[in-house]
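Counting in my numbering, the sequence shown tops out at residue 473, every number present.
We put the beta carbon where it would ideally sit given N, CA and C, even for glycine.
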Amino acid sequence: MGRVQVNNKEEFSQMENDDFSDSQLVRHFRGVLVAVTTGDRENYDELVGYLHPKKNLNPDEVAILVTTLKALSGAVSYIDSVHHESLLFAVSRMSLWNYGIDIMDALLELIISLAASNGKYIDWCLEMLVKHFVPPFYLLDSLRQENGIDRKNKVLSRVHAALKEIADLVPLAPLRLSPIVIQKMPSVFSKETEIVMYVENMLRLESGAIGETVGSIMLPALVDRLLELDVEIGWDGILQEDAKGIFEMELEDVTEFADEDENCDSMPPSELLNRKNLQGNLVVEKLDSLMVLAFLHLESCQSSGRLTEVFDTLLASFQRTVLNAYKSKFTQYVMFYACALDPEGCGVKFAMVLADMFGCDVNPPITR
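Right, dumping it as structure tokens:
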């Protein structure tokens, strides 16, 4: 079969010809992996070098990389985290966002096969997929363009399909997925685009095929992040008499503050100053975007008949964190919005819970 040489395009191109069947390629890669354990690293090092990400691959290089990844998928049982650390590192540096669909699918096939082959790789594979919730930093702005939106849909649909497939193959995988998603969640100091996109994927998990397992973790994590942003906002005029109406909310009016508000001229100076301070506050903009995501998700849950189930999760989170939070000003509006969507169900239940908590002497004064 010959050696796999990175710099010899003729030998690499043979992998696309009938000279090598799929089974022969798999056997060859198994041999390359086994040889490392005996000290023979020549073919292995060349293979790893080829897997390191490169820009602007030509069609031949794309075809060879696809074939290589597929052959590795058939040899995953021979991959050892000790002897093949450099190979795993090279694969971990590959990003679906940088490739076309052929390489995307081949890379995902390798990740899924590796997850199913050995339990010790589950976390590694899940982390590999979760990191694709957000594209590389230099691609974030391009997602607003038409081709960026198309790329986003192609990548994320495949990532979530892969997570579902791994969950089917390894039933305990969703239990490992939840803490990974929470751990990798962008901080309040991250860019708004990054936080919003990550939360979009969290909510997609919550409402998706494995939502029954991970949903109870995703929603409280979102509430916690909202609360972190909320308490960072200083709004000295919040209790002023002329700022009372700032919290009035209609179901059909979930919108951002606008600089060109038509009523600015008629606003009292204190309220106008508060609005301008909020508009220029990056923390507020992040909170506003995440609140809109939460509201839209609740509307989707109502449409699919899941609002009651989701409300119970939110209610537990509200009682545990939001209710006792100091200077929480906005986060509780997620609960209010759910109640507004279903006054007779969620609204009545929320009122009864609050009444019970107020009347219960066991609860500390801050809760009551």
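Where residue i falls: helix, strand or coil (DSSP)
| i | result |
| --- | --- |
| K159 | coil |
| N148 | helix |
| V171 | helix |
| D185 | coil |
| P241 | coil |
| G205 | coil |
| L428 | coil |
| V293 | coil |
| R309 | helix |
| F435 | coil |
| A180 | coil |
| S200 | coil |
| G339 | coil |
Enclosing alpha helix (DSSP H) for residue i [first to last residue]
| i | result |
| --- | --- |
| C444 | 438 to 446 |
| V93 | Past the boundaries of the shown model lies residue 93; the chain is included only from 106 to 473, so the question cannot be answered. |
| A326 | 316 to 336 |
| Q129 | 127 to 142 |
| K257 | 251 to 274 |
| C406 | 387 to 408 |
| S422 | 412 to 422 |
| E232 | 227 to 235 |
| D461 | 453 to 464 |
Test: residue i CB closer than 7 Å to a CB of chain B
| i | result |
| --- | --- |
| E337 | No chain B appears in the structure shown, which is made up of a single protein chain. |
Exposure label - residue i; buried when at least 16 CB within 10 Å
| i | result |
| --- | --- |
| D335 | buried |
| T142 | exposed |
| Y243 | exposed |
| R330 | buried |
| H157 | exposed |
| S292 | exposed |
| S218 | buried |
| R256 | buried |
| I315 | buried |
| F416 | buried |
| N148 | buried |
| F294 | exposed |
| S408 | exposed |
| Y431 | exposed |
| S422 | buried |
| E449 | exposed |
| I271 | buried |
| I254 | exposed |
| L401 | exposed |
| V439 | buried |
| V171 | buried |
Integer-rounded CB distance, given that residue j should sit under 8 Å from residue i
| i | j | result |
| --- | --- | --- |
| L201 | R263 | 7 Å |
| V181 | S247 | That belief does not hold up - the Cβ atoms of V181 and S247 are roughly 33 Å apart, past 8 Å. |
| M307 | L327 | 6 Å |
| L234 | L274 | The Cβ separation is near 13 Å, so there is no contact. |
| V239 | G205 | That pair is no contact at about 20 Å. |
| M323 | E311 | 4 Å |
Close-in-space but distant-in-sequence residues of the same chain around residue i (CB under 8 Å, 5 per side omitted)
| i | result |
| --- | --- |
| H237 | S200, L201, W202, V260, L261, V264 |
| E297 | L387, E390, K391, S394 |
| Q288 | none |
| L198 | A small correction: the amino acid at residue 198 is Arg; Leu does not occupy that position in the sequence shown. If we look at R198 and ignore the five residues flanking it on each side, its Cβ neighbours are H157, P158. |
Neighbourhood of residue i by C-beta distance below 7 Å, restricted to the same chain and skipping five residues each side
| i | result |
| --- | --- |
| V458 | L420 |
| L177 | F134, L215 |
| V153 | S191, L192, A195 |
| I227 | A220, V275, A278, R281 |
| F435 | D335, L392, M396 |
| L398 | V301, V304, E305, L308 |
Beta-carbon proximity list for residue i, same chain, < 6 Å, skipping 5 on both sides
| i | result |
| --- | --- |
| S321 | T418 |
| K349 | Residue placement at K349 cannot be trusted, given a pLDDT of 46 that sits under 50; the coordinates are not used to answer. |
| L174 | A211, L212, L215 |
| E337 | V388 |
| C451 | F416, A443, C444 |
| P59 | The shown model of the chain, from 106 to 473, leaves out residue 59, and the question about it has no answer. |
Closer than 6 Å: residue i CB and nearest the ligand GDP heavy atom
| i | result |
| --- | --- |
| I227 | As presented, the structure is devoid of all ligands, the ligand GDP included, so that no description of it is given. |
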